[in-house]
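Protein chains in written order, with the working numbering: chain C, 83 to 177; chain D, 908 to 1319. Cβ coordinates follow ideal geometry from the N, Cα and C atoms, glycine included. To keep things clear, I will list the structure first and then write my remarks on it.
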Amino acid sequence: ARPASRTERKYRKLQSDTVKYLAQFGYLSGPSQETQNLRSKEDLVRAIKSLQRAGGLPETGVPDSRTEALMKKPRCGNMDDFAQTGIDHFSRKKR
Amino acid sequence: FIPGTSTWPRTNLTFRFVNYTPDMPQAQTRKLIVDALKVWTVSTPLTFTEVTDTMADIMILFAKKYHSDGHPFDGTGSVLAHAFFPGPGKGGDAHFDDDENWSTNSSGGIDLLLVAAHEFGHALGLGHSEKPSALMYPWYMGFEGEFELPHDDWQGITNLYGTGIKDRTFPEREKGKVKYKPNVPDGKPVYPEPTSPTAGDGPPDPCNSHIDALTVIRTEIFLFIGKWFWRLGPQKLINKPVEIHKFWYGLPKDLERIDAVFERPDNKIVFFSGDRFWVFNANHLLSRFPVEGRPITEFNIPADVKKIDAAFQWSYNKRTYLVSGDMYWKMDENNSFVEYDYPRDMGTWKGVPVPVDAAFMDQSGTTIFFQGLDYWQFYDMKMRVQRGYPRRISHYWSQCAENLSEREENLA
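Take a look at the structure:
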């Protein structure tokens, strides 16, 4: 197999750091919090959007440079209690 | 604003400095901390008194990396501090990362007053706010000039404790009596305390005793209480107890109990008691393994951990977890070391009470936690205990349930 390029490796690390950050601060719940695995890509996109919304960033759903910068910003170590409720509050529901 | 999980049942609270940061003179740290507390007293009935004993509601600690809780700090930057919601033990405590450059303003480092005021918000029962202008916003924003409590935070705190109307009456402080019950699901049934489970030196009643440790070894459940253990088949029928020393050859004779046990994938069995561990091949201690055991620090468990409460394999990822108090560690795939980034807080396992007595994965792959005379079945996919728990352990062991119904019939 072709070895992963530097860009690919950097992207994979960013994705793993993002999952860790999202789990640590309450944006991802369930087993992903412990295993750092995801049940679906949708979960990750939803969690990233929720983080971006909380950080006042455009909701792209991908760990872009602004999100990366937000994750490096100094902050409190407690979980963001609104992270999960925010998802339900903002997502569209079928009548 | 978002309320946290608990509040204090009174408004006259105490605080204590455990230590100070070397970044500034102690007097300055004291002044900043007191000012940070004062932020929450404006138009609220809250008062804070400094005490020097260990019973203070809010303990203020400066620490680096691991500091005896499930939230180790991460060096300079990123996480600056954390605080626990009101409650006994660590509840209300505020911890500050001493790898940060603590300062008196936002331009020359991290402003201790701002961070402390935010953390005390948690210590009083407030969660993070989504409003960037709020003090309880999770990210550090810095501030210049004279600080005043933003409206969102004022609404939050007065929602929890009311405004500063002094004729409000609050219950007198009673030691150790708070609303908060960590991780204990609502509606926990109240059972009478077991009556002398150990009669003299004889085996205790496994249906009515606190479990020290249990695990599945080659399809059989091994249940440890004091100096005794029981082997249970798939039907969970409790049979005759055996003294630990008469079966597990090589454990020290003066060992009073097994705290935790698990079987490794290579079929070796690891026992924990106090801050030592032993590895067995079948029922014999590994050759050349010291009889006095090895220190648990060999797994990279911090030296201040004096006991492992439980060890269990989690069916979701087939990894072994060690639990001590409100902290837990995940072991690496070889079960040789605990992984980087641990300990973590037991709050991750929602609804599991701390400290647990024992935990294990049963033959069906379900993770079960035990505390006192109760047990909790865990819902892996939702990372919380199953609804309908806790249940009494006597309902878990078939024999106990039968004995219980017989007893009930006799009583009737």
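Answer yes or no: do W1046 of chain D and D930 of chain D have a C-beta to C-beta separation smaller than 7 Å?
At least 7 Å separates the beta-carbon of W1046 of chain D from that of D930 of chain D.
Within 10 angstroms of its Cβ, does M1288 of chain D collect 16 or more other Cβ (buried), or is it exposed?
exposed
With a threshold of 7 Å between beta carbons, is G1034 of chain D in contact with chain C?
yes
For T1126 of chain D and P1141 of chain D, I'd like the C-alpha separation in whole angstroms.
7 Å
With a threshold of 7 Å between beta carbons, is T117 of chain C in contact with chain D?
yes
Taking only beta-carbon atoms, is P113 of chain C less than 7 Å away from chain D?
yes
What is the DSSP secondary structure of I1064 of chain D, reduced to helix, strand or coil?
helix
Using three-state DSSP, classify C1114 of chain D as helix, strand or coil.
coil
Check whether the region 1244-1253 of chain D and the region 1206-1214 of chain D are in contact - that is, three or more C-beta pairs closer than 8 Å.
A contact is defined here as three or more CB-CB pairs under 8 Å, and the region 1244-1253 of chain D meets this definition with respect to the region 1206-1214 of chain D.
Residue closest to D1216 of chain D, alpha-carbon to alpha-carbon, out of D:V958, D:D964, D:F1136 and D:F1169:
D:F1169
Run down chain D in chain order and give the residues with a C-beta less than 8 Å from the C-beta of R157 of chain C.
In chain order: S985, V986, L987, P1045, W1046 and Y1047.
Check the DSSP bridge columns for T1122 of chain D and list the partner residues they point to.
D:F1129
Chain D residues whose Cβ lies nearer than 9 Å to that of K154 of chain C
G984 and S985
Let me confirm a value: G1295 of chain D is counted as buried when at least 16 other C-beta atoms fall within 10 Å, else exposed. Which label applies?
exposed
Measure the C-alpha to C-alpha separation of D99 of chain C and W1155 of chain D and round it to an integer number of angstroms.
44 Å
Please confirm if E1037 of chain D has its CB atom under 7 Å from at least one CB of chain C.
yes
Touch test, the region 126-134 of chain C against the region 1263-1279 of chain D, Cβ-Cβ under 8 Å, three pairs minimum
The region 126-134 of chain C vs the region 1263-1279 of chain D: no contact.
Classify L1139 of chain D as helix, strand or coil using the three-state DSSP reduction.
If DSSP states are grouped into helix, strand and coil, L1139 of chain D belongs with the strands.
Who are the near neighbours of I940 of chain D in its chain, counting only those whose CB is closer than 7 Å to its CB and skipping five residues on each side?
I967 and A1023
My guess is that G999 of chain D and I965 of chain D are in contact by the Cβ rule of under 8 Å, so how many angstroms apart are they, rounded?
By a beta-carbon distance limit of 8 Å, G999 of chain D contacts I965 of chain D. Their separation comes to about 5 Å.
Answer with yes or no whether the minimum CB distance from D99 of chain C to chain D is below 7 Å.
no
Quick check on the burial criterion: 16 or more other C-beta atoms within 10 angstroms. Buried or exposed for R94 of chain C?
exposed
Can you give me the start and stop residues for the beta strand (DSSP E) that Y1228 of chain D sits inside?
First-last of the beta strand (DSSP E) with Y1228 of chain D: R1226 to S1231.
When the Cα atoms are used, what is the spatial distance from P1113 of chain D to R1298 of chain D?
The alpha-carbon atoms of P1113 of chain D and R1298 of chain D are separated by roughly 15 Å.
Quick one: measure Cβ to Cβ for D125 of chain C and L110 of chain C, integer angstroms, because I've assumed they're closer than 8 Å.
That pair is a contact at about 7 Å.
Local Cβ density within 10 Å of V1230 of chain D, reported as buried at 16 or more and exposed below that
buried
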